[in-house]
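First comes the structure, then the notes that go with it.
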Amino acid sequence: MEEFTERVEISTFAGNSSLPGAERGRRNKQFKKVNYKEKKLKQRKNCKAKLLKSYNEWRSLQKGSKRRIPSQISKEENFKTILEDLFDVAHKDALENAAEEVKMFLLQQRRRGRRDTLAGVDVEYAESQAPRELQRKRAQTTKEL
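Residue numbers (the UniProt record's numbering): 1 to 145.
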């Protein structure tokens, strides 16, 4: 089986202010090869093909979106269910090396429907909203009196 490698562009900018104007903002292009077998990453060619196929299917559904006939509706529903299970972005060995909470999350993600998310409480947002909540409560109590 042939290994899949891809040239990935690494962009850098010449930021030396002592250079003339044309040279100052010049973009330097560098490339590196990424070997997907060594990195144990999903091969990009498969992901790209899946994404392009889904995009083309979505575009064809968009063209017939004004027709509300049963076949069009069933195709749209079919596409919605496929879209929910489009990609499993976790590594195939992710369950072996993960913490218990992450394992539960990954198992939930692999089920149909994907009901759960892995997120904590946004502490900074909650702290910023606390004074506003106090003002709202005070306003409510004054209205009630």
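Think of the CB as a built atom: it goes at the ideal place given N, C-alpha and C, for glycine as much as any other residue.
These figures come from a predicted structure and were not determined experimentally.
According to DSSP, is residue i helix, strand or coil?
i            : result
lysine 66    : coil
lysine 99    : Here the sequence assigns alanine to residue 99, which means lysine is not the residue at that position. Correct three-state label for alanine 99: coil.
arginine 59  : helix
arginine 111 : coil
In the DSSP assignment, find the alpha helix (DSSP H) that holds residue i and state where it starts and stops.
i            : result
arginine 138 : 123–144
Keeping to the same chain, check which residues put their C-beta closer than 6 Å to that of residue i; ignore five residues upstream and five downstream.
i           : result
cysteine 47 : none
Since residue i and residue j are thought to touch, with beta carbons under 8 Å apart, how far apart are those beta carbons, to the nearest angstrom?
i            : j                : result
leucine 83   : leucine 95       : That pair is no contact at about 24 Å.
glutamate 57 : phenylalanine 79 : 6 Å
Within the same chain, show all residues whose beta-carbon is closer than 7 Å to that of residue i, passing over the 5 residues directly before and after it, in chain order.
i            : result
glutamate 76 : Leu61
glycine 64   : Gln72
lysine 103   : Leu95
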